[in-house]
Structure formats: structure tokens, C-alpha cells
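**Q**
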Ligand code: HEM
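Residue numbers (the numbering used here): 1369 to 1836.
Pasting the structure below:
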């Protein structure tokens, strides 16, 4: 269960105009693009402001100094609220939704950390190559004609395949099935439901009356997803010999080196489901935004191709080895810069461990604070033209001139993203192989529109592809 709502600050902070009794700031909110709206509001409400919807208060931190302060792990920690608290109903104390003091958080973190180090990526490299190969086979059939490809649908298939295989040896066969795997459909719908959790009505009967259909569909999805994953776990337990080397095998066979405790089957199931979400839409969003930015900045795409050709000649089929990915320095800067402009997780929640101050304002123990990455990573502190796509911002010499602590697309501290290396390896490899194979043609007149369902994603993004 989620813990009760935290105490509120006593000090008045700026808040959006037109606040209503009971409903709060609904007139200023945007349920379809909540983080983008909060970032716009920061433009005139300043670096720290407060917003509330019904009885849920949120302090929004969008100035670089206060955002950096939130990274102080002695005074602030992760806040499990809003969609994270709502997700506990389905995910319990899995890594993303656990309270930091729950025993299963440290247990799972200690067991899983070795599977997410930079060197552990060596073990997943071939799976990633296979899945990118499947995407390219699919795109080859659509290239060089009048057809365009549906970028985000296909990058989502790619990353779902990768995390399904790396996580628990499951093939969704996304690129070969005519209809999507019902498990993939249920997982996607379930996480879209969780993404809307921040806007649930806190009065039970009213929420049921308004969103009843959605709630019942979600209950069916949760049952189905759990059932599939439980079957996979049972099957593995029944046949421990010949186990593949994936995250599920690690969770079933390893004890926490610190406590000696193991994860129980319910927790393992919840971890598997949360990896499917955390490891899928995040990386696919990164790839989709990167492809949009590259298609609209052909000079940057060409510079990346020059780097890629030095490893894999244009006229031969590439055979990328693990070590190649670290040589793709410019492609990696493209990934970093994409995550700066479009941090797929547009913010993360923090809370004071004790009453303290933040940017000179009093904040109370447990109070919900949103570190608004989307706004901070576009602040003038990034230098001239902070909205321009300029991968060379991440050249070491230029990075050294900026304050530390203002670039956190993977969150902060001990609750930051465990899958960071996996996401970076997969994104760099996939982008390099795509740029090696195709010229990218934007659809004339396309204007980027960004939707939010927990994470950011481009709407209606299509590209024409020409084989090189
Ligand atoms: C570009 C891709 C990704 C981005 C931008 C991203 C971003 C984040 C952020 C901001 C957090 C912190 C959330 C918080 O503080 O509440 C987080 C946590 C987490 N991420 Fe990622 N993530 C990405 C990819 C992945 C992948 C590929 C996986 C797994 C395979 C993954 C698994 C997790 C998990 C399990 C947590 C919770 C860690 C904990 O609390 O101990 N993420 N991620």
C-alpha cells in the first residue's frame, strides 16, 4: 500500500493563477502533457512554485540551483507519490516503486546491480544486435519508396524485444507477427493507465463513475500480465537446468550478498513487469526523438556517419563488436544531447528527509518536490541557444564549464536509473546502425508534438528512409 499523504509546507509559494476551491489548479493543468505544462508555468512562476490538483500538493523545482540542491542525498531522498504510489497496487515494492527503507529495495538493488554495469552490457550486446537487425529487415522493406515508417511504433517494438529477451528470455516477435502479442498490448495499456494515475479523482465512487471502464480494463490487464509472468517463473523454477543468462535467472538464483536474503516469487514477478515498462518506453522515446532531431539536422547526421564509416565501411554489412560502441563518441553525444532536450522521464520526485530549506524556502519532511528536468536542461545556464540541438555541448571541455548537477536525465543518487548503461549502449548501437544504413527524410510540414504517458513520446512521427 502507498503511505499517507505527506505534510505540507506552511510557507506560501507562487502558484498558478485561477486556483479553484476543492479542484485546485485544474484550469492551469494539462492532463495530456502535464510536465510540459509545468515547465511552461515555471517560465512565469519562477524556480520554485507550488501547484495542487484536488488535495494533492506538489512543489515544482525548475531552477538550476534548487534542482542541484535536491541531489543532496543527506537532506533529500526519492518521494514515492503520484503515479509511483498508484503503481504500487500492481508493482508493490519493485525497484521503481519501493520506498527506500523497504527491505526489498536494497535486496533487489544488490542482487541486480552486477547485471547493469558497463561490462555486463557485453552479455547483452548480441541480443541488441539481433533486435536492431530485425528492425532493419522490417525497415528495408519500406525504404526507397513512397512509404514512410512509423518511428515510435517501431522503436517501441525494438526496445520491447530487447528488454523481453534480456529480462526473461521472452520473444514478443514484434516485427514478424501480424497482430501484436496480447501480452505486449496488455503491458502497454497497463502502463498508459498508470501514467494517468496523477489525475485520478480522490473520491472513490466518483472516480469509479467517471473512469469505471478504464479501471475494469486495467484490472483485466493486470491479471493477465501477472498470469503470464507467473507461468514463466514457474516454468523456470521447474527446469532450473539450462537456464539462460538473463535478469530473471539472476533474481531466481542469487541471494543479496549483504543480507543473504532472496527475493520471493511475487517480488520477482513485480520486478520483471517493472523492467518491461522502465526498460522499454524510455529507450524507445530516446531513439524516436534522436531520429527526429537527426532527420531535421542532416549536417549532424552526416558528421555521425563519418564517425560510423571509420568503424564500418559504407558498402559492407557492419559487424559491430562490443568495444565499437565506446568508439562512437559523436553518436553518444547525440544520445546525450537528445536526452538533454527531451528527457524521456521529464522529472523525478524528491522529498526532504527532515524539515529543511530549499532555495531559501522552508520545506517539510515528506513533502512532494518535483525536480523538473525538462525545464532545467533547457535553462540559459547551458549557454547561448539552450534550445538548439548541439551534441558538442557534451565535449569534455565544454561540459567542464557548466555547473555540475544540472544534467540528470537518469535521476539522482541511490534511486537513479539502474538501466542507464543498458539504455545508452542500446541507443548508441541502434542509432549508429540506422545511420549507417539509411538517409532520413523528414515528412514535409511535420511539427513535433510531444505526448506524455509517464514518459515523453513524439506524436505521429514518420520518416522516409533511403538505403545508402
Ligand atoms: C533512456 C532511457 C532511460 C531513462 C531516461 C531512464 C530514466 C530513469 C529515471 C529518471 C529514474 C529515476 C526515477 C525516480 O527517481 O523516481 C529511473 C529509475 C529506474 N530505471 Fe530507468 N531510465 C531509462 C532506461 C531504463 C532501462 C533500460 C531500465 C531497465 C532495463 C531501467 C530501469 C529502471 C529502474 C528499475 C529504476 C528504479 C531504480 C531504483 O529506484 O532503484 N531504466 N530511470
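Beta carbons: idealized from backbone N, C-alpha and C, even for Gly.
Given 8 Å as the limit, tell me if residue 1782 has its C-beta closer than that to any heavy atom belonging to the ligand HEM.
**A** Here residue 1782 refers to the residue found at position 414 of the chain shown. Residue 1782 Cβ: within cutoff of the ligand HEM.
**Q** For residue 1700, is the beta carbon positioned less than 8 Å from some heavy atom of the ligand HEM?
**A** The sequence position of residue 1700 within the chain shown is 332, counting from 1. Because no heavy atom of the ligand HEM lies under 8 Å away, the Cβ of residue 1700 does not count as near it: no.
**Q** May I have a chain-ordered list of the alpha helix (DSSP H) segments no shorter than 4 residues that lie completely inside the segment 1498-1579?
**A** With a minimum length of 4 residues, the continuous alpha helix (DSSP H) runs that stay inside the segment 1498-1579 are 1519-1536, 1550-1563.
**Q** In the segment 1669-1736, which residue ranges form an unbroken beta strand (DSSP E) of at least 3 residues, counting only runs that do not cross its ends?
**A** You should have 1716-1720, 1724-1726, 1729-1731.
**Q** Using DSSP with H/G/I as helix, E/B as strand and the rest coil, what is residue 1746?
**A** Taking the chain shown and counting its residues from 1, one reaches residue 1746 at position 378. Coil at residue 1746, not helix or strand.
**Q** So is the beta-carbon of residue 1716 under 8 Å away from any non-hydrogen atom of the ligand HEM?
**A** On the chain shown, position 348 is the one that residue 1716 refers to. Within the cutoff, so yes.
**Q** Let me make sure I understand the geometry here. Which of 1772, 1488, 1479, 1557 has the alpha-carbon closest to that of residue 1639?
**A** Mapped onto the chain shown, residue 1639 falls at position 271. Among 1772, 1488, 1479, 1557, the Cα nearest to that of residue 1639 belongs to 1479.
**Q** Give the DSSP-derived three-state secondary structure of residue 1595 in the structure shown.
**A** Taking the first residue of the chain shown as 1, we reach residue 1595 at position 227. Note: residue 1595 maps to helix in three-state DSSP.
**Q** Which same chain residues, not among the five before or five after residue 1774, have their C-beta less than 8 Å away from its C-beta?
**A** Counting from one through the chain shown, the residue named residue 1774 turns up at place 406. Only 1432, 1435, 1436, 1744, 1745, 1747, 1749, 1750 meet the Cβ criterion.
**Q** From the DSSP output, read off the bridge partner residues of residue 1826.
**A** Here residue 1826 corresponds to residue number 458 of the chain shown, with the count starting at 1. Beta-bridge pairing links residue 1826 to 1818.
**Q** With a cut-off of 8 Å on the beta carbons, I'd call residue 1798 and residue 1526 a contact; round off their distance for me.
**A** In the chain shown, the residue the question calls residue 1798 occupies position 430. In the chain shown, the residue the question calls residue 1526 occupies position 158. Confirmed, Cβ separation roughly 7 Å.
**Q** Confirm, please, whether the CB-CB distance from residue 1446 to residue 1368 is below 9 Å.
**A** Residue 1368 lies beyond the range of the chain shown here (1369 to 1836); nothing can be said about it.
**Q** So which of 1427, 1439, 1517 has the shortest CA-CA distance to residue 1416?
**A** Along the chain shown, one-based indexing puts residue 1416 at 48. When each option's Cα is compared against that of residue 1416, the closest is 1427.
**Q** Any idea what DSSP makes of residue 1394, helix, strand or coil?
**A** Position 26 of the chain shown holds residue 1394. Residue 1394: coil per DSSP, three-state reduction.
**Q** Going by the CB atoms, is the gap between residue 1790 and residue 1519 shorter than 9 Å?
**A** On the chain shown, position 151 is the one that residue 1519 refers to. On the chain shown, position 422 is the one that residue 1790 refers to. Against a cut-off of 9 Å, the Cβ pair of residue 1790 and residue 1519 comes out as no contact.
**Q** Could you tell me the alpha carbon to alpha carbon distance between residue 1382 and residue 1548, rounded to whole angstroms?
**A** As a first step, residue 1382 is located in the chain shown; it is residue number 14 there, counting from the start. As a first step, residue 1548 is located in the chain shown; it is residue number 180 there, counting from the start. Between residue 1382 and residue 1548, the C-alpha separation is close to 47 Å.
**Q** What does the alpha-carbon distance come out to for the pair residue 1554 and residue 1820?
**A** Your numbering for residue 1554 matches position 186 in the chain shown. Your numbering for residue 1820 matches position 452 in the chain shown. Using only the alpha carbons, I get a separation of about 18 Å.
**Q** Measuring only the C-alpha atoms, how far is residue 1724 from residue 1606?
**A** Taking the chain shown and counting its residues from 1, one reaches residue 1724 at position 356. Taking the chain shown and counting its residues from 1, one reaches residue 1606 at position 238. About 52 Å.
**Q** In whole angstroms, what is the alpha-carbon distance linking residue 1380 and residue 1472?
**A** Taking the first residue of the chain shown as 1, we reach residue 1380 at position 12. Taking the first residue of the chain shown as 1, we reach residue 1472 at position 104. Straight-line Cα distance between these residues: approximately 37 Å.
**Q** Please go through the segment 1383-1443 and give each complete alpha helix (DSSP H) segment of 4 or more residues, from N-terminal end onward.
**A** Runs found: 1402-1413, 1432-1437.
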